Structures are given as C-alpha cells and as structure tokens.
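Residue numbers for the sequence shown follow this note's numbering, so the first one is 22 and each next one is one higher.
Even for Gly, the Cβ is constructed at its ideal location relative to N, Cα and C.
A quick note: this is a predicted structure, and the numbers were derived from the prediction, not measured.
Below you'll find the structure, written out as structure tokens, and then a few comments.
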Amino acid sequence: MTASQDRPLRAGVVGLGMMGRNHVRVWDEGIEGVELVAVADPDTAAVQSATAGRRARGFDNAERMFAEEELDLVSIVAPTSLHLSVTLAALRAGANVLVEKPIAATREDATRMIDAAADAGRMLTVGHIERFNPAIRELRRRLEDGELGRIFQVTATRLGPFPARIRDVGVVVDLAPHDLDIMRYLV
Numbered sequence: 022m023t024a025s026q027d028r029p030l031r032a033g034v035v036g037l038g039m040m041g042r043n044h045v046r047v048w049d050e051g052i053e054g055v056e057l058v059a060v061a062d063p064d065t066a067a068v069q070s071a072t073a074g075r076r077a078r079g080f081d082n083a084e085r086m087f088a089e090e091e092l093d094l095v096s097i098v099a100p101t102s103l104h105l106s107v108t109l110a111a112l113r114a115g116a117n118v119l120v121e122k123p124i125a126a127t128r129e130d131a132t133r134m135i136d137a138a139a140d141a142g143r144m145l146t147v148g149h150i151e152r153f154n155p156a157i158r159e160l161r162r163r164l165e166d167g168e169l170g171r172i173f174q175v176t177a178t179r180l181g182p183f184p185a186r187i188r189d190v191g192v193v194v195d196l197a198p199h200d201l202d203i204m205r206y207l208v
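This is the structure we're talking about:
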C-alpha cells in the first residue's frame, strides 16, 4: 500500500450498482484505517446517492477520479465488460485493486490485468465474497473436524431468475466463479 501509517488508506469505488453500493458502505463504515474518498459512475443520481452524507467526492467517470484523487485502493464494481479498462487505469494511477468477480470477460483480459498489476508492483485481487458467508465457513469447519466425512463429489445448482445485471457476460461467467471458489475453499 502507498499510505503512510499516519493517515488512513484512501479508497475509491468505480461502479455504483447493487454491489457497488455495498462496497461504498463497507469502505465508508466498516473498516478501520480506510477512508472512502471518491466514487465514480456515469449515473449522476447514483453518484449523488453514494456521496450524500459522506465525505467522498463523486465523479462521472473513473479516469477523472484517478486523475484528481490519490487513491491507495480501488474497488471496481463496474460491469464485467469494463473491468479490463478500469483496472488498467487504476493500476496506472498507482492504486491497488479489488475487482468484483468475474475478474474479466475473457481469460486474455484477466491475464493482461494480472500482468499489469505485477508490472506496476500493485495488488490485484478478486472479490470472492461467498467464502466469507457464515454458512460456508461453518461447513468448512465441520468438514475439517471430520463431522461430515470425506467429500467425493460436488455439484452446484442455482435457483432463481436470471438477473438482468449480468447480461453483459452471462450467468456462467458471472455466477460460476462463486461455485468454483466455494468448492476450492471447501476441498
């Protein structure tokens, strides 16, 4: 990180949809030593809502936010199709990046992002939130304690409507990373 110990880490959020609003809340209210200083989204109403009652500045685009704010870390919660361009811009600006899953729309884009972070000497991580779900953590504990025996096979089934917010990459690319990450976490 680039922050000195005498000031909090300066965080920004790009994308103020459903998950972006959660990132704003957590950075602003939930993590000691982190200060939410900026948010960016082309939706003016979303920016106004995210900054109301907060000290964070609002921007209508990420590039301007990166140019005007010195950020230690950025949550990228924009549509998946924008992850590559926004991540590269954040890394060029010197920020560490937390990008919501899926990391990118294609394997090639993901590789470019990973390489760019390494070249910049910055951290890039993917927001696999389901492994922190209390039910999943309890399942892991019970498996580790031998209460449930050995795992021989794992299947995943998703029930519910197709969310409109994931139409840019589809249900498999958007939701399967949760299932795969949970499986890796458990076994």
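Which one of the options has the shortest CA to CA distance from residue i?
i, options, result
"residue 167", "207, 148, 64, 62", "207"
"residue 153", "139, 199, 195", "199"
"residue 174", "201, 182, 142", "201"
"residue 103", "42, 197, 52, 131", "131"
"residue 110", "126, 124, 95, 122", "95"
With C-beta atoms as the reference, is residue i less than 8 Å away from residue j?
i, j, result
"residue 77", "residue 88", "no"
"residue 73", "residue 37", "no"
"residue 112", "residue 138", "yes"
"residue 107", "residue 35", "yes"
"residue 203", "residue 159", "no"
Among residues of its own chain, excluding the 5 on either side of residue i, which ones have a beta-carbon nearer than 7 Å to its beta-carbon?
i, result
"residue 55", "29, 30, 32, 48"
"residue 165", "none"
"residue 133", "105"
"residue 75", "49, 57"
Just to check my reading of the structure: residue i and residue j have Cβ atoms closer than 8 Å, yes? What is that Cβ distance to the nearest angstrom?
i, j, result
"residue 117", "residue 144", "4 Å"
"residue 68", "residue 97", "With 8 Å as the limit, residue 68 and residue 97 do not qualify as a contact, their Cβ atoms being about 16 Å apart."
"residue 92", "residue 66", "The Cβ separation is near 23 Å, so there is no contact."
If you measure from the beta carbon of residue i to each beta carbon in chain C, is any gap under 8 Å?
i, result
"residue 170", "Considering every chain present, this structure includes no chain C. It has just one protein chain."
Take residue i and list the residues in its own chain whose beta-carbon comes closer than 6 Å to its own, dropping the five residues that flank it on each side.
i, result
"residue 161", "207"
"residue 80", "61, 86"
"residue 205", "none"
Excluding the five sequence neighbours on either side, which residues of its own chain have a C-beta within less than 8 Å of the C-beta of residue i, listed in chain order?
i, result
"residue 209", "Residue 209 lies beyond the residue range present for the chain, which begins at 22 and ends at 208; the question has no answer from this structure."
"residue 156", "none"
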